[in-house]
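Worksheet: one structure, shown below.
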Amino acid sequence: MQGEDRLIADIRQFNRFYTSQLGLLRQHIFDSEYSLTESRVLYEIQFNGQTTATGIRDALKIDAGYLSRVLRSFEKKGLVLKHPLPEDGRSSYLQLTARGRKAVAGMNEQSNEQIRQMLASLTPEQREQAGGAMNLLRRLLHAPGSATTMDQVAIRTDLRPGDIGDMIRLHGRVYAEEYQYDLTFEQYVAETLQEFLQTYDPAKDRVWLAHVGGELAGMVAIIHRGKGKGQLRWFLLAPFCRGIGLGKELLGQAMAFCRQQRLREVYLLTTHQQEAAAILYKKAGFVKTASTPQRLWGHDLYEERYDLRLTYK
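Structure, rendered in structure tokens:
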């Protein structure tokens, strides 16, 4: 079995696993009186605060007639209230009653406990990997609400085994996909990181690594160059976490470190293709001081230098 057939088989195996693991084939979920679909309807009303039957039907892709029967049952049980829409008296929006909110809270807690038990045997790193894999799948399939946000990002500054390899890999993959750089670029990144490790001093050098669900999503570094000078290097964001403020946050932390170290000059080397990064550099006070044509990584480029002078009172 190869290619697409293997992928389909893998997905179906996972489907069988999680439906069994979560008990999704039981008549009632969490040993409550509600079916899986009924619980999903309650969750949808709670999640939206107030919504309409049309909104629920579109979100859950369920039959209108069946949904109507479910909602009538919820009304009779005192779980849901209907309120006429001000702009259209023929339609109503739905809200949970106190009893409905209590029912959902109970199912939420049971669901949380079920997941705690599933994860109990995993190490913290394995738990992060599991959550990251689930988020990755949702993101790849463009699930609603799957876009990365800053509250999902964890930034750390301690270098751990495997970090250097991850940094090289992210550079090689992103620059190959977006700029078609050849393997010599990955070699260049590996060589610069090897050089860095030979003189790495945590008191003077700092690397910021941003992770989302255990996956390296962004980075930047400041390297001391002696005599009050530092170099900014390896500033890169994975495509899925751009536009959320991560670049600004990483660069801000790097500049704060430069001031903490009382550096007088900071410089960086880039190319003319890094337009988005250049905007952030300029906002941070960097000024382009050189632009030199070069043949690099299989392309004709302009290698650019930016400099920043820091002053202190």
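Going by the numbering used here, the residue at position 40 of the sequence shown is 248; the numbering climbs one at a time, nothing skipped. In this text, a Cβ means the ideal position worked out from N, Cα and C, and glycines have one as well. From a predicted model like this one, the values you see are computed outputs, not experimental measurements.
Does DSSP classify residue i as helix, strand or coil?
i    : result
T497 : strand
L233 : A caution first: L233 carries a pLDDT of 48, below 50, which makes its placement in the model unreliable, though a value can still be read off. Residue state, collapsed to three classes: coil.
E423 : strand
K310 : helix
H379 : helix
E212 : helix
I430 : strand
R470 : coil
E511 : strand
Q318 : helix
K290 : strand
A261 : helix
S281 : helix
A418 : strand
L477 : strand
Y387 : helix
Y226 : helix
L367 : coil
Y301 : strand
R503 : strand
L516 : strand
D271 : coil
I372 : helix
V276 : According to the sequence as given, residue 276 is Ser; it is not Val. If DSSP states are grouped into helix, strand and coil, S276 belongs with the helices.
Check this for me: beta carbons of residue i and residue j, under 8 Å apart or not?
i    : j    : result
L488 : A462 : no
A418 : I363 : yes
L458 : V495 : no
L172 : Q254 : For residue 172 there is no data in the structure shown, the boundaries of the chain being 209 and 521.
E336 : G453 : no
G380 : E394 : yes
L327 : L378 : no
A338 : L330 : yes
W442 : M375 : yes
I264 : L275 : yes
M342 : S247 : no
Taking the alpha carbon of residue i as the reference point, which residue from the options has its own alpha carbon closest?
i    : options                   : result
R277 : A267, T245 and I430       : T245
G257 : Q334, G308 and R368       : G308
R470 : F393, H480, G353 and R517 : R517
T407 : D266, H432 and I376       : H432
E473 : I264, G460 and G493       : G493
L287 : A313, A425, S499 and K491 : A313
F448 : L279, G426 and H507       : G426
D366 : S354, R414, P294 and E241 : R414
H480 : G273, P501 and K412       : P501
D545 : G438, Y389 and E399       : As shown, the chain starts at 209 and ends at 521. That puts residue 545 outside it, with no answer to give.
L504 : Y387, G451 and G460       : Y387
R368 : E321, E333, T262 and I323 : E333
K491 : K435, D271 and G455       : G455
L279 : P292, L302 and P294       : L302
C466 : G451, A498 and I430       : I430
G451 : A355, I270 and D371       : A355
G370 : A351, L348, L401 and R346 : L401
K285 : K310, K269 and P294       : K310
Taking the continuous alpha helix (DSSP H) assigned at residue i, which residues delimit it?
i    : result
Y489 : E483 to K491
T392 : L391 to T407
I363 : It is not in any alpha helix (DSSP H) - I363 instead sits in the beta strand (DSSP E) that spans V361 to R364.
F255 : L244 to N256
P352 : That residue, P352, is in no alpha helix (DSSP H); it is neither H nor E in DSSP.
Over what stretch of residues does the beta strand (DSSP E) that includes residue i continue unbroken?
i    : result
G438 : K437 to L445
P410 : Here P410 belongs to no beta strand (DSSP E), and DSSP marks it neither H nor E.
Hey, residue i and residue j are a contact pair by Cβ (cut 8 Å); roughly how many whole angstroms apart?
i    : j    : result
V382 : A446 : 7 Å
Y514 : Y475 : 7 Å
S478 : A484 : Reading off the sequence shown, one finds Thr at residue 478, where the question assumed Ser. So it is not a contact: roughly 11 Å between Cβ atoms.
T260 : S299 : 6 Å
G506 : T392 : 7 Å
E283 : A267 : Not quite, the Cβ-Cβ distance comes to about 20 Å (not below 8 Å), so this is no contact.
At a Cβ threshold of 8 Å, is residue i touching chain B?
i    : result
A485 : The structure shown has no chain B; it contains just one protein chain.
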